[in-house]
Amino acid sequence: MTPSQFSWVQHSSKSESPYQIAFNQSSDGILLLQTKTQQVLDINVALQELLGYTDQELSRLSLTDLVDETQFPHGLNIQQTADQRHQSLGFVDFRCRNGTLLKAMVTVSFANYQGQSICCFVVQKEFPPESPQLKDNFLSTVSHELRTPITTIKMAIQMLTLALSREGLLAPDSSKSSLEANKIAHYLKILNDECNREIGLITDLLDLQRLEAETQTIAAQPIQLEGYLHRIVRPFQDQAASQHKTLNVAIFSGLPDLMSDSQSLERILVELLTNACKYTPAGETIAFRAGLREGHTRSPKTVFISVINSGVEIRPNQLEQIFDKFYRIPTNDPHRHGGTGLGLALVKKLVLNLSGTIYAESSNGQTCFTVELPVIQAAEPLAF
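What follows is the structure in structure tokens.
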């Protein structure tokens, strides 16, 4: 690409059009690419200052020179997503001129200009060190403010369902036709499900804030692990079967009682099993394993619990961020298996709160999450 081609947008900058002014004065970095060749067409002042390249240098660069293509689920063939107008790529590492990496949140959009497809990267720099606390305080306040109206909406849905049932509007033999009654029930279910989803999100946010503030209390009690684990995993076996997946369970019969918080541990395992059922393709297998690892002089015995699913593999650079708050693995379909990126962050905090460890491994078409908890005798205090 020649410098004259690079300045295709900058030609209009002489006239200082409102668009060019907005482009250059934006606090977010903006990168314009030719979708087919992935060559840089233009870059605004904000991103140029962040990356440190000159106009002449940028005129010779393509997207592969600026980012590591392994960060993208299908490489850098952005043609694959050109039929989508907007797509979030999550956090992406950019290569700066001085050799350092800049982590930034990236949103991509596509447009046509003079017969060619243009790709626009909007780059938001990672929050500075002082900002996370402000962000966390804001999220905590918003979560508290949302919980009351959402709870009220949930109650209103329940009252509406009860009223419609009393009027006979939800029964197939009501004055309404069966089709109309089923439609009403269907819409009420959507309302109820979405309300429950929002309540779950708010609960996760508040619990995460409490864990980070170290105000979450733990009620440690002896847990008879074998029966406890079978009770938790049993409903997921039925769920997996209904989705044409197989959930195999292998729980060591000699597991000792565990002094821990049963509610926290259940929440950890339910989140891991829910994710496994959600992301495992039909026809694949999920394995739930629990056993005992012998300790030595300086290390106590540990109970390990693993959830393994086939048909899914996570890239190494994504594994490093998998437990980060709000991190979601980039996908070409942002609406598929939508989530908030809070579940695994909450799981890690809960595990650490139980004096345990959690790690993820992924290779050969399989992904494994393993929780390890120390076997503490009833007389020993938990180190919280």
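The sequence shown begins at 647 in the numbering used here and counts up by one. All C-beta atoms in this analysis are idealised placements derived from N, C-alpha and C, irrespective of residue type, glycine included. Keep in mind it's a predicted model, so treat the numbers as computed, not measured.
For residue i, the nearest candidate out of the options (CA to CA)
i	options	result
P902	D970, E872, L707	E872
V603	L996, E695, K829, K924	In the structure as shown, the chain begins at 647 and stops at 1030. Residue 603 is therefore absent and cannot be evaluated.
V752	F737, G745, N744	F737
F804	T926, N842, L988	For clarity, residue 804 is Gln in the given sequence; the question names Phe instead. Considering only alpha carbons, the answer is N842.
A865	I836, L911, S824	L911
I954	N744, R974, A1006, L687	A1006
P946	I1022, I799, P664	I1022
E883	M905, S906, A922, Q967	First, the amino acid is wrong: residue 883 is Gln here, not Glu. Cα-wise, what sits closest to Q883 is A922.
A886	A859, T794, A928	A928
T700	Y665, S672, Q671, N744	N744
Contact check, residue i vs residue j, beta carbons under 8 Å
i	j	result
R897	L875	Going by the sequence as given, residue 897 is Ile instead of Arg. Taking 8 Å as the Cβ cut-off, I897 and L875 qualify as a contacting pair.
K891	E930	yes
P1020	S1008	no
L696	I676	no
L952	R935	According to the sequence as given, residue 952 is Ser; it is not Leu. Cβ distance < 8 Å, so S952 and R935 count as in contact.
L988	L851	yes
L707	F740	no
L857	L996	yes
Q770	D674	yes
R939	T926	no
Same chain, Cβ closer than 7 Å to residue i, five either side skipped, listed in chain order
i	result
D970	A991
G937	F898, F950
C742	L697, G698, L748
Y831	One detail in the question is off: residue 831 reads as Ala in this sequence, not Tyr. Within the same chain, A831 has close Cβ partners L816.
S906	A866, I869, L1000, L1019
Nearest-angstrom Cα separation, counted from residue j out to residue i
i	j	result
I796	T863	25 Å
A827	L834	11 Å
S956	E1018	21 Å
T920	T1013	14 Å
D853	Y759	47 Å
I932	L998	25 Å
S705	N963	29 Å
R913	I878	10 Å
S824	G814	11 Å
F669	I689	9 Å
V686	S755	15 Å
S888	A802	32 Å
Q870	V895	17 Å
Q867	L847	28 Å
Q967	T798	36 Å
P881	D714	41 Å
A859	G761	54 Å
T794	K800	10 Å
V691	T746	19 Å
S672	I836	39 Å
T849	L904	27 Å
A750	K829	44 Å
Other residues of its chain near residue i: CB distance less than 8 Å, five sequence neighbours each side excluded
i	result
E844	L792, I796
F972	T986, G987, L988, A991
G1011	S956, G957, V958, E959
L965	A1006, E1007, S1008
T1003	V997, V1017, E1018
G900	L938
Distance cut-off 7 Å: residue i Cβ against heavy atoms of the ligand FAD
i	result
G937	In the structure shown, the ligand FAD is absent, as is every other ligand, since no ligand is present at all.
Spatial neighbours of residue i in its chain, beta-carbon cut-off 6 Å, leaving aside the 5 residues before and after
i	result
F652	Note that F652 scores 45 on pLDDT, short of 50, meaning its location in the model is unreliable; the coordinates nonetheless yield the value given after this. So the list reads S705, once near-sequence residues are dropped.
A757	I764
E917	G989, V993
F1015	L918, V953, A1006
Any chain C beta carbon closer than 8 Å to residue i
i	result
G698	Note that chain C does not occur in the displayed structure, where there is just one protein chain.
With three or more C-beta pairs closer than 8 Å as the rule, is the region 759-766 touching the region 794-813? Contact fails: fewer than three Cβ-Cβ distances are below 8 Å.
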